[in-house]
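Single-structure report; data block below.
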Amino acid sequence: MKFPRLVVIVGETGSGKSSLAHLLALENNGEIICADSRTVYKGMDIGTAKPTKAEQAEAKYHLLDVVESNEIYNAARFQTDANQAIQQISSAGKLPIMVGGTGLFIDSVLFDFDFGHVPNSELRAKLSALTLDELRVQALVIDENLDSNTLSNKRRLIRLIEVGEVVEQQNELRKNTIVLGLKIPKNELRKRIEQRTELMFRQGLRKEVDELVDEYGWDSEAMSGIGYREFQDYSEGKLSMTQVKNSIVKNTLNYAKRQRTWFKRNPHIEWFEDPVEAKKSVDNFLTTGQ
RNA sequence: GGCGCGUUGGCCGAGGAGUUAGGCAAAGGUCUGCAAAACCUUUUACACCGGUGCGAAUCCGGUACGCGCCU
52 MKFPRLVVIV GETGSGKSSL AHLLALENNG EIICADSRTV YKGMDIGTAK
102 PTKAEQAEAK YHLLDVVESN EIYNAARFQT DANQAIQQIS SAGKLPIMVG
152 GTGLFIDSVL FDFDFGHVPN SELRAKLSAL TLDELRVQAL VIDENLDSNT
202 LSNKRRLIRL IEVGEVVEQQ NELRKNTIVL GLKIPKNELR KRIEQRTELM
252 FRQGLRKEVD ELVDEYGWDS EAMSGIGYRE FQDYSEGKLS MTQVKNSIVK
302 NTLNYAKRQR TWFKRNPHIE WFEDPVEAKK SVDNFLTTGQ
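Per our numbering, residue 52 is the first one in the first sequence, and the count goes up by one each step.
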């Protein structure tokens, strides 16, 4: 079976998708695949709201703690790892459930992305030294219809030049797949994110950050995430701890906004505000295969 | 009571007679190997009243509020 049955749950940070996934796993003999660009890192537990040890004891989680906090993980690698996990889970007779908020990661599996050329770090280094205008000139040769979003984005221009062509968008959904989206009202989301941040502090976020900084420094991959990087300003005396906390809430909210924008354009997502309704939809999918 | 200084969009903050300061926040958006990233778009303000100018947020006078100093 090339495309085993797959349940996918998406949503913004704090939407409750993780707990829904956990429940679904328990009820349907499922295993979870985390589609999250941060929980792949070891040592980043509190700030990424990684499933707890207790949760991991109840249900099997995949793609957690797969790299050290100073390593780089990326979408292409996720795609491979996730597909492998899906095969493995389903050949063991279980139901794969993919949950996460990293849109690119999710879509790479959902739409079977062909990422194209492998990154060329030498070329990238060379291109990074160029100005935006110089990159534009090269990029416009490849595609003269680039919009202002891309034309101002150095990183994307570099990738475009590296690949040498515009990759064709693919929007045919993976077979045997149901995609559920969890959404919650905005003011409710804010409340949850505030509570969640508060909880992280109580669970010892600050200590986790200190340990990671001691080991990898402020410039490491681990420290680039929300809930971590904000502490640098505290350590430099620029922000008080309260301001750090507020800043984390704000950045998380901004991130949630970007996630919402990302998922909004996917027409295959069935949106739910009530997890119970979402569960019914999954039940239906599992019994009818539809 | 007298003298001086200040009053800029949600906040900070430049400028200063006729083209957009900028930053932050907010809202919307982009997205195929860094994605909790990177980036795009939008929001037309100068306390109030009068005066002088073709033209004032920008100059002059007064009013209010704030700050400082003096008696």
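Where is the CB? At the ideal position from N, CA and C, for every residue including glycine.
- When the Cα atoms are used, what is the spatial distance from LEU364 to LEU191? Since the first and last residues shown for the chain are 52 and 341, residue 364 lies out of range.
- Message: Quick check on this structure: which residue in ILE157, ASN335, ALA126, VAL300 has the alpha carbon closest to the alpha carbon of ARG243?
- Response: If you number the first sequence from 1, residue 243 lands on position 192. Cα-wise, what sits closest to ARG243 is VAL300.
- Query: Distance, Cα to Cα, ALA110 vs GLY144?
  - Reply: The residue labelled residue 110 in the question sits at position 59 within the first sequence. The residue labelled residue 144 in the question sits at position 93 within the first sequence. So the two alpha carbons sit approximately 15 Å from each other.
- Item | Distance, ARG207 Cα to LEU181 Cα | Counting from 1 along the first sequence, the entry for residue 181 is found at position 130. Counting from 1 along the first sequence, the entry for residue 207 is found at position 156. For LEU181 and ARG207, the distance between alpha carbons rounds to 13 Å.
- Query: Using the C-alpha atoms, what's the distance from ASN204 back to ASP184?
  - Reply: If you number the first sequence from 1, residue 184 lands on position 133. If you number the first sequence from 1, residue 204 lands on position 153. Distance between the alpha carbons of ASP184 and ASN204 is about 11 Å.
- Query: Which first and last residues belong to the beta strand (DSSP E) in which VAL59 is found?
  - Reply: Stepping through the first sequence from its first residue, residue 59 is reached at position 8. Its beta strand (DSSP E) spans residues 57-62.
- Query: Quick one: Cα of LEU148 to Cα of ILE229, how far?
  - Reply: Residue 148 sits at position 97 when you count from the first residue of the first sequence. Residue 229 sits at position 178 when you count from the first residue of the first sequence. Reading the sequence as shown, one finds Ile at residue 148 and not Leu. Answer to the nearest angstrom: the Cα atoms are 10 Å apart.
- Extent of the continuous beta strand (DSSP E) run through GLU82: Here residue 82 is taken as the residue at index 31 of the first sequence, counted from 1. Boundaries of the beta strand (DSSP E) around GLU82: 81-85.
- Message: Looking at the secondary structure, which residues open and close the beta strand (DSSP E) in which VAL230 lies?
- Response: In the first sequence, the residue the question calls residue 230 occupies position 179. Bounds of the beta strand (DSSP E) holding VAL230 are 228-233.
- Out of PHE336, HIS73, ALA127, state which residue places its alpha-carbon closest to the alpha-carbon of LYS101. Looking up residue 101 in the first sequence gives position 50. If we check each option's Cα against that of LYS101, HIS73 comes out closest.
- Measuring CA to CA, which of LEU202, LEU174, LEU115, GLY232 is closest to VAL58? As a working note, residue 58 is residue 7 in the first sequence. Comparing Cα-Cα distances from VAL58 to each of LEU202, LEU174, LEU115, GLY232, the minimum goes to GLY232.
- Item | Limits of the unbroken beta strand (DSSP E) element including ILE148 | As a first step, residue 148 is located in the first sequence; it is residue number 97 there, counting from the start. For ILE148, the enclosing beta strand (DSSP E) has its first and last residue at 146-151.
- Could you work out which residue in THR64, GLY167, GLN294, PHE336 is closest to THR312 when comparing CA atoms only? By one-based count along the first sequence, residue 312 stands at place 261. The candidate whose alpha carbon is nearest that of THR312 is THR64.
- Expected contact under 8 Å - CB spacing of ASP163 and GLN221 to nearest Å: In the first sequence, the residue the question calls residue 163 occupies position 112. In the first sequence, the residue the question calls residue 221 occupies position 170. The beta-carbon separation of ASP163 and GLN221, rounded to 7 Å, stays under the 8 Å limit for a contact.
- Item | Beta-carbon separation (whole angstroms), ILE137 vs ILE84, contact threshold 8 Å | Here residue 137 corresponds to residue number 86 of the first sequence, with the count starting at 1. Here residue 84 corresponds to residue number 33 of the first sequence, with the count starting at 1. ILE137 to ILE84, Cβ: 7 Å. Contact.
- Query: How far does the alpha helix (DSSP H) with TRP313 in it reach, from first residue to last?
  - Reply: Within the first sequence, numbered from 1, the residue matching residue 313 stands at position 262. That run of the alpha helix (DSSP H) goes 292-315.
- Item | Local conformation of ASP78 per DSSP, three classes | As a first step, residue 78 is located in the first sequence; it is residue number 27 there, counting from the start. Checking the sequence, you will find Glu at residue 78 rather than Asp. Of the three classes helix, strand and coil, the one that applies to GLU78 here is helix, per DSSP.
- Item | Separation of ARG187 from LEU202, as counted between CA atoms | Locating residue 202 in the first sequence gives position 151, counting from the first residue. Locating residue 187 in the first sequence gives position 136, counting from the first residue. Their backbone Cα atoms lie some 6 Å apart in a straight line.
- Task: Confirm, please, whether the CB-CB distance from VAL333 to LEU75 is below 7 Å.
- Result: Locating residue 75 in the first sequence gives position 24, where the first residue counts as 1. Locating residue 333 in the first sequence gives position 282, where the first residue counts as 1. Less than 7 Å separates the beta-carbon of LEU75 from that of VAL333.
- Task: Could you spell out where the beta strand (DSSP E) holding GLU109 opens and where it closes?
- Result: Position 58 of the first sequence holds residue 109. Counted as a single uninterrupted DSSP element, the stretch harbouring GLU109 is not any beta strand (DSSP E) but the alpha helix (DSSP H) occupying residues 104-109.
- Message: Using DSSP's beta-bridge definition, name the partner residues of TRP322.
- Response: Position 271 of the first sequence, counting from 1, holds the residue named residue 322. Answer by DSSP bridge pairing, in chain order: GLY232.
- Helix, strand or coil at TYR124 according to DSSP, with G and I counted as helix: Here the question's residue 124 lines up with position 73 in the first sequence. Under the three-state reduction of DSSP, TYR124 is assigned to coil, being neither helix nor strand.
- Task: Quick one: measure Cβ to Cβ for ARG89 and ASN227, integer angstroms, because I've assumed they're closer than 8 Å.
- Result: In the first sequence, counting from the first residue as 1, residue 89 sits at position 38. In the first sequence, counting from the first residue as 1, residue 227 sits at position 176. That belief does not hold up - the Cβ atoms of ARG89 and ASN227 are roughly 28 Å apart, past 8 Å.
- Range of the contiguous alpha helix (DSSP H) that encloses LEU186: As a working mapping, residue 186 is identified with position 135 in the first sequence. Start and end: 183-193.
- Query: Exposed or buried, GLY268, counting other C-beta atoms within 10 Å across all chains shown (16 or more means buried)?
  - Reply: As a position in the first sequence, residue 268 is number 217, starting the count at 1. Counting the other CB atoms within 10 Å of its CB gives GLY268 a total below 16, which places it among the exposed residues.
- Can you check whether the CB of GLU324 is closer than 7 Å to the CB of LYS234? Counted from its first residue, the first sequence places residue 234 at position 183. Counted from its first residue, the first sequence places residue 324 at position 273. Against a cut-off of 7 Å, the Cβ pair of GLU324 and LYS234 comes out as a contact.
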